[in-house]
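Student:
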Amino acid sequence: MVMKTRSVKKTRILADAATYILLSIFSLIILLPVIWIIRLSFTTKYIAYQVPPVWFFKPILDNYRSLFIDYGFERFFFNSIVVAIVATVIAIPLAFFAAYAFNRFNTGGRSLQFGILGLQMLPPIVLSIPIFVLMKTMNLLNTRGGLIASYLSFNLPFLIWMLMGFLDGIPRELEEAAMIDGASRLQSVIRIVFPLATPGVMAAGILSFILCWNEFLFALMLTAEKTSTVPIALAAMQTERGVMLGTLAAAMCFAIIPMLVLSIAIQKYMIRGLTFGALK
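What the sequence shown shows, in our numbering, is residues -9 to 270, in sequence order.
#1: Do the CB positions of L149 and A194 come within less than 8 Å of each other?
#2: CA-CA distance, I128 and T33?
#3: Check whether the Cβ atoms of F66 and I222 lie closer than 8 Å to each other.
#4: Please confirm whether A245 and N145 have their CB atoms less than 8 Å apart.
#5: Which residue comes first and which comes last in the alpha helix (DSSP H) that contains L102?
#6: Below 8 Å on the Cβ atoms is my guess for N132 versus A225; work out the distance and round it to an integer in Å.
#7: For T237, which of G62, S(-3), K(-1) has the nearest alpha-carbon?
#8: Inspect the beta-carbon positions of T188 and V73 and report whether they are closer than 8 Å.
#9: Determine the direct distance from the alpha carbon of M227 to that of V233, and round the result to whole angstroms.
#10: At 3 residues or longer, and completely inside the segment 5 to 59: list those beta strand (DSSP E) runs for me, N to C.
#11: Do the segment 33 to 49 and the segment 159 to 176 make contact, defined as three or more Cβ pairs closer than 8 Å?
#12: Please list the terminal residues of the continuous alpha helix (DSSP H) segment that includes A74.
#13: Within this structure, are the beta carbons of L235 and L30 separated by less than 8 Å?
#14: Buried or exposed: which applies to E299, given that a residue is buried once 16 or more other Cβ atoms fall within 10 Å of its Cβ?
#15: Less than 8 Å between the CB atoms is what I'm expecting for G136 and L210, so what's the real figure, rounded?
#16: Going along the chain, which unbroken runs of the alpha helix (DSSP H) with 4 or more residues stay wholly within the segment 114 to 143?
Structure (structure tokens):
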């Protein structure tokens, strides 16, 4: 009996060790591109293009200095932060109340709901010319406001459908009980439904920010030098002399920072939000 217990424990230890080893290898594969980018950001031009790669060298900060002195990267970074935050802040309440109307009152019927979903399925290039003409007519070209408005046009359908799934998991009886106690419909939504839907709202906000932060097509089409965003700045580092690998890697390190900080700050909400809508 003792020998059998020891054998079982030994098997469990070996299984756990094999699991951790496989997970470590998998994590390393995922992190390797990020590690490579960080390495490139501290190299000289000679080392960056060297084959086979040199892993041990004296790190330098020339790429980061060039990023801000020669390219003015802080302007692009600021534009991306402003556009992504403002577009997300505007989109979340609009998407929440629209999702609530669809979920609780079936506003517009299934045809309107599937129509909104159909807008999300359209390739962005299909909407590029109409949006460009609209922004030009409204004198919103080369402005952050025009870029924010265009981002809302393709973020809202996705966020509405996402939040509808989260609202399905909140019992209607809670609102009815609040209204029986004297609360209005709006008060029950703000004080009961919205707090319960916070994980889903946070998850939707994160995904909205990521979509705005990474968007390239509309930023290229609707902005000029003063209002360009980070993806445009990264693309501009391909010059007639080739790709400036070191400076590009430094810019990519800065582009990763907001996503990293945001993910760490509200990680628990993200996990709860992504799983909450699947449970009914």
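All C-beta atoms in this analysis are idealised placements derived from N, C-alpha and C, irrespective of residue type, glycine included.
Tutor: On the basis of the data shown:
#1: Yes, the pair counts as a contact, with Cβ atoms nearer than the cut-off.
#2: First, the residue type needs correcting, since residue 128 is Met and not Ile in the sequence shown. One C-alpha to the other measures close to 46 Å.
#3: Cβ atoms of F66 and I222: closer than 8 Å.
#4: Result no, Cβ atoms of A245 and N145 do not sit closer than 8 Å.
#5: Unbroken alpha helix (DSSP H) run through L102: 99 to 111.
#6: Between A225 and N132 the Cβ distance is about 17 Å, and since that is not below 8 Å, they are no contact.
#7: If we check each option's Cα against that of T237, G62 comes out closest.
#8: In this structure, T188 keeps its C-beta atom at 8 Å or more from the C-beta atom of V73.
#9: Roughly 6 Å between the two C-alpha positions.
#10: If we require 3 residues or more, the segment 5 to 59 turns out to have no beta strand (DSSP E) run fully inside it.
#11: Cβ pair count under 8 Å is below three, so no.
#12: A74 -> alpha helix (DSSP H) spans 63 to 95.
#13: Their beta carbons are under 8 Å apart, which means L235 touches L30 by this criterion.
#14: Since the first residue of the chain shown is -9 and the last is 270, residue 299 is not available in this structure.
#15: Between G136 and L210 the beta-carbon gap is near 13 Å, outside 8 Å, which marks them as no contact.
#16: For the segment 114 to 143, whole alpha helix (DSSP H) runs of length 4 or above, ordered along the chain, are 114 to 127.
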